[in-house]
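One structure below.
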Amino acid sequence: MTNGLKVYYCPVSVMVSNVAWPNFYSFLPLFREILLRERITVVHAHQATSTTGHECLLYARTMGLPCVYTDHSLFGFADLASVCVNKMCKYSMADVDHCICVSHTCRENLVLRAALPPSRTSAIPNAVDPTRFTPDPGLVWPQGTINIVMMSRLVYRKGIDLVVDVIPRICREYPAVRFIIGGDGPKRLLLEEMRERHQLQDRVELLGAVQHSGVRDVLCRGHIFLNCSLTESFCIAILEAACCGLFVVSTRVGGVPEVLPSRMIAFAEPDPESLVEAVRRAISRLSEVDPAGFHDEVATRYSWHDVARRTSVVYDAAVAAPLTPLLERLRRLFSCGLAQGVIGLIMAAFVFVVWRWTEWAVPREGIEIAPDMTPGRLPARARRKAAAAAAAAAAAAGPAASRPR
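When we follow full-length UniProt numbering, the leftmost residue of the sequence shown carries the number 1, and every step to the right adds one.
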């Protein structure tokens with residue numbers, strides 16, 4: 001990419017919701033080649049439901065590389081899906097150097113789910129680029145109304161079942177309120193049925209899927225941002241909304257109370273009555289809202305540069321940690337439980353054998369090292385090619401620019 005970041009598109013099949021099928025060790029040779037080509041020193045995986053992420057952590061630890069994991073979601077302890085994810089997390093986290101969570105609530109949840117010592121976890125929140133989310137009162141539309149914006153995937157977890165009860169009640173109480181809803185998903189049908197049933201076609205606007213480049217323009221159309229999530233570890237959506245100068249109404253779930261100060265948000269319990277009351281409070285406080293002040297507050301509190309700095313500290317600590325011997329790794333995995341420990345130990349031992357065979361079959365000395373594509377460090381041939389392309393573009397634009405109009 002133009003900033004020097006490299007992206008490898010790997011031949012893996014998607015199972016559901018952008019989650020890949022398990023590869024059962026077949027991905028190890030390709031992953032090993034990528035690590036050696038790019039001279040990787042730290043492997044960082046994300047998301048508890050990513051099968052590829054868990055596999056790559058196991059491969060990287062087998063190769064002796066430091067590993068860091070970031071958790072973005074909250075999971076329960078009772079339902080079958082959460083139990084399975086927690087078992088997988090406990091197995092993977094037993095062998096990583098450090099874990100990052102996007103909120104303190106997420107950190108506590110991961111420590112309990114994966115039986116991790118708190119000393120191996122850190123809370124590093126997400127951030128927002130304040131230059132891309134700036135308030136603009138001129139974009140408010142429709143004019144002369146109170147516009148409430150929602151931007152989310154239209155799924156159960158985002159509380160759409162609550163929204164269909166809240167919207168009609170607010171519209172009955174406040175004739176000047178308009179709802180602008182961006183996003184798509186299986187729950188969109190519920191919103192369309194609600195709009196038809198209560199004849200709110202002129203007051204509820206369904207935008208469908210919105211490109212990330214257009215999110216700021218949609219947010220700037222409103223005065224209030226509504227978030228009805230049933231579970232949320234951080235919720236970057238309310239951060240983007242506040243950065244655009246909107247007052248936020250949100251359910252008090254997960255790590256949401258950690259994100260914004262009380263003067264910028266009104267909390268509600270995840271039920272329709274509480275949400276309606278929170279929207280009433282938000283409407284009554286609109287005269288106190290200072291969009292420019294909200295933007296400055298978010299820009300001061302959250303910065304991707306700060307996130308990068310704190311993450312690099314975690315990387316440095318992982319690299320400086322002593323290499324864990326194979327027997328110690330197997331002991332950690334075996335301690336995950338009787339059945340799970342035995343299965344995990346066999347899997348790790350088999351991956352070690354496959355890795356050693358790959359080292360013999362495809363020696364690392366025969367793998368070509370990829371050139372450094374960092375801006376300013378391009379190979380001479382690439383620099384000459386880029387300079388020639390720029391010169392050709394300038395030559396082509398020159399006559400057109402000087403032609404009389």
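No residue lacks a Cβ here, since even glycine has one placed at the ideal position from N, Cα and C. Quick caveat: nothing in here was measured; it's all calculated off a predicted structure.
1. Give me, in chain order, the residues of the same chain whose beta-carbon lies closer than 8 Å to that of residue 297; leave out the 5 immediate sequence neighbours on both sides.
2. So what's residue 63 in DSSP terms, helix, strand or just coil?
3. Using CA atoms only, rank isn't needed, just tell me which of 11, 35 and 24 is closest to residue 368.
4. Between which two residues does the alpha helix (DSSP H) containing residue 305 stretch?
5. Inspect the beta-carbon positions of residue 229 and residue 256 and report whether they are closer than 9 Å.
6. Among 110, 232, 283 and 328, which residue has its Cα nearest to the Cα of residue 100?
7. Using only CA atoms, which one of 87, 96, 340 and 341 lies nearest to residue 119?
8. Starting from the C-beta of residue 406, find all residues in its chain whose C-beta is less than 6 Å away, skip the five residues before and the five after it, and write them out in chain order.
9. Please return the same chain residues whose Cβ sits closer than 6 Å to the Cβ of residue 374, not counting the five positions on each side in sequence.
10. Look at the alpha carbon of residue 347 and the alpha carbon of residue 177, and state the distance between them as a whole number of angstroms.
11. Put residue 399 into one of helix, strand or coil per three-state DSSP.
12. Do you know whose CA, among 78, 80, 85 and 79, lies nearest residue 53's CA?
13. Can you list, in chain order, the residues of its chain whose CB lies under 8 Å from that of residue 12, leaving out five sequence neighbours each side?
14. Hey, how far is the Cα of residue 344 from the Cα of residue 61?
15. Kindly say whether residue 134, judged by its beta-carbon, lies nearer than 9 Å to any beta-carbon of chain B.
16. Could you have a look at residue 30 and say whether DSSP puts it in helix, strand or coil?
17. Run through the segment 181 to 237 for me and flag every whole beta strand (DSSP E) of 3 or more residues, listed as ranges in chain order.
18. Is it the case that the Cβ atoms of residue 147 and residue 234 are separated by a distance below 9 Å?
19. How should residue 172 be labelled, buried or exposed, when 16 other C-beta atoms within 10 angstroms of its C-beta is the threshold for buried?
20. Helix, strand or coil for residue 54 per DSSP?
21. Could you compute how far the alpha carbon of residue 70 sits from the alpha carbon of residue 200?
22. Go ahead and label residue 59 buried or exposed: buried means 16 or more other beta carbons lie within 10 angstroms of its beta carbon, across all protein chains shown.
23. So what's residue 88 in DSSP terms, helix, strand or just coil?
24. Just verifying my parser: in three-state terms, what is the DSSP assignment at residue 324?
25. Would you give the residue range spanned by the alpha helix (DSSP H) that residue 166 belongs to?
26. In three-state terms, what does DSSP make of residue 122?
27. Within this structure, are the beta carbons of residue 331 and residue 216 separated by less than 9 Å?
28. Out of 174, 168, 277 and 326, point me to the one whose CA is closest to residue 353's CA.
29. When burial is assigned at 16 or more other CB atoms within 10 Å of the CB, is residue 359 buried or exposed?
30. Among 166, 7 and 77, whose alpha-carbon lies nearest the alpha-carbon of residue 274?
31. Taking 6 Å as the limit between beta carbons, can you name the residues of its chain near residue 254, skipping five residues before and five after?
32. Residue 178 bridges to which residues according to DSSP?
33. Judging by CA-CA distance, which residue of 37, 121 and 92 is the nearest neighbour of residue 317?
34. Run through DSSP, which three-state label would residue 289 get?
35. Kindly indicate which residue of 139, 258, 307 and 190 has the alpha-carbon position closest to the one of residue 128.
36. Short of 8 Å in beta carbon distance, which residues of its chain neighbour residue 286, apart from the five on each side in sequence? Order them along the chain.
Quick answer:
1. Indexing the sequence shown from 1 puts residue 297 at position 297. Excluding residues within five positions, the ones whose Cβ falls inside 8 Å are 242, 261 and 264.
2. Along the sequence shown, one-based indexing puts residue 63 at 63. Reduced to three states, the DSSP call for residue 63 is coil.
3. Taking the sequence shown and counting its residues from 1, one reaches residue 368 at position 368. Considering only alpha carbons, the answer is 35.
4. Here residue 305 is taken as the residue at index 305 of the sequence shown, counted from 1. Here the alpha helix (DSSP H) through residue 305 covers 304 to 320.
5. For this step, residue 229 is matched to residue 229 along the sequence shown. For this step, residue 256 is matched to residue 256 along the sequence shown. Yes; because the gap between Cβ atoms is below 9 Å, this pair is in contact.
6. Indexing the sequence shown from 1 puts residue 100 at position 100. When only C-alpha atoms are compared, the closest one is 110.
7. Mapped onto the sequence shown, residue 119 falls at position 119. Residue 96 is the option with its Cα nearest to residue 119.
8. Nothing about residue 406 can be read from this structure; the chain reaches only from 1 to 405.
9. By one-based count along the sequence shown, residue 374 stands at place 374. Here the set comprises 4.
10. On the sequence shown, position 347 is the one that residue 347 refers to. On the sequence shown, position 177 is the one that residue 177 refers to. Those two C-alpha atoms are separated by around 58 Å.
11. Numbered from 1 along the sequence shown, position 399 holds the residue referred to as residue 399. Residue placement at residue 399 is flagged as unreliable, the pLDDT there being 43, under the threshold of 50; the coordinate-derived value follows with that caveat. Three-state result, residue 399: helix.
12. Here residue 53 refers to the residue found at position 53 of the sequence shown. Comparing Cα-Cα distances from residue 53 to each of 78, 80, 85 and 79, the minimum goes to 85.
13. Here residue 12 is taken as the residue at index 12 of the sequence shown, counted from 1. Here the set comprises 20, 21, 23, 27 and 52.
14. Position 344 of the sequence shown holds residue 344. Position 61 of the sequence shown holds residue 61. Going by the C-alpha atoms only, they are around 14 Å apart.
15. Checking the listed chains, one finds no chain B in this structure; it contains a single protein chain.
16. Reading the sequence shown from its first residue, position 30 is the one you call residue 30. Correct three-state label for residue 30: helix.
17. 204 to 208 and 224 to 227
18. As a working mapping, residue 147 is identified with position 147 in the sequence shown. As a working mapping, residue 234 is identified with position 234 in the sequence shown. Against a cut-off of 9 Å, the Cβ pair of residue 234 and residue 147 comes out as no contact.
19. Position 172 of the sequence shown holds residue 172. With fewer than 16 other Cβ atoms within 10 Å, it is exposed.
20. The count along the sequence shown starts at 1 and reaches residue 54 at position 54. In this structure, residue 54 counts as helix in the three-state DSSP scheme.
21. Along the sequence shown, one-based indexing puts residue 70 at 70. Along the sequence shown, one-based indexing puts residue 200 at 200. Cα-Cα distance, rounded: 42 Å.
22. Indexing the sequence shown from 1 puts residue 59 at position 59. Per the 10 Å Cβ criterion, buried.
23. For this step, residue 88 is matched to residue 88 along the sequence shown. Looking at residue 88 - three-state DSSP - the assignment turns out to be helix.
24. Walking along the sequence shown from the start, residue 324 turns up at place 324. In the structure shown, residue 324 sits in coil (DSSP, three-state: anything other than H, G, I, E or B).
25. As a working note, residue 166 is residue 166 in the sequence shown. From DSSP, the alpha helix (DSSP H) with residue 166 extends over 160 to 173.
26. Residue 122 sits at position 122 when you count from the first residue of the sequence shown. Note: residue 122 maps to strand in three-state DSSP.
27. The count along the sequence shown starts at 1 and reaches residue 331 at position 331. The count along the sequence shown starts at 1 and reaches residue 216 at position 216. Contact flag unset, no.
28. For the purposes of this step, residue 353 is identified with residue 353 of the sequence shown, where counting begins at 1. That would be 326, whose Cα lies nearest to the Cα of residue 353.
29. Indexing the sequence shown from 1 puts residue 359 at position 359. So residue 359 ends up on the exposed side.
30. Numbered from its first residue, the sequence shown carries residue 274 at position 274. Of the candidates 166, 7 and 77, the one whose C-alpha sits nearest the C-alpha of residue 274 is 166.
31. In the sequence shown, residue 254 corresponds to position 254, counting from 1. Counting only Cβ-Cβ distances below 6 Å, and skipping sequence neighbours, we find 74, 105, 231, 232 and 233.
32. Counted from its first residue, the sequence shown places residue 178 at position 178. Per DSSP, 147.
33. The residue given as residue 317 occupies position 317 in the sequence shown. That would be 121, whose Cα lies nearest to the Cα of residue 317.
34. Indexing the sequence shown from 1 puts residue 289 at position 289. Correct three-state label for residue 289: coil.
35. Against the sequence shown, residue 128 aligns to sequence position 128. Of the listed residues, the one whose Cα sits closest to residue 128 is 307.
36. Residue mapping note: residue 286 aligns to position 286 of the sequence shown, counting from 1. Same-chain partners within the cutoff: 146, 223, 224 and 247.
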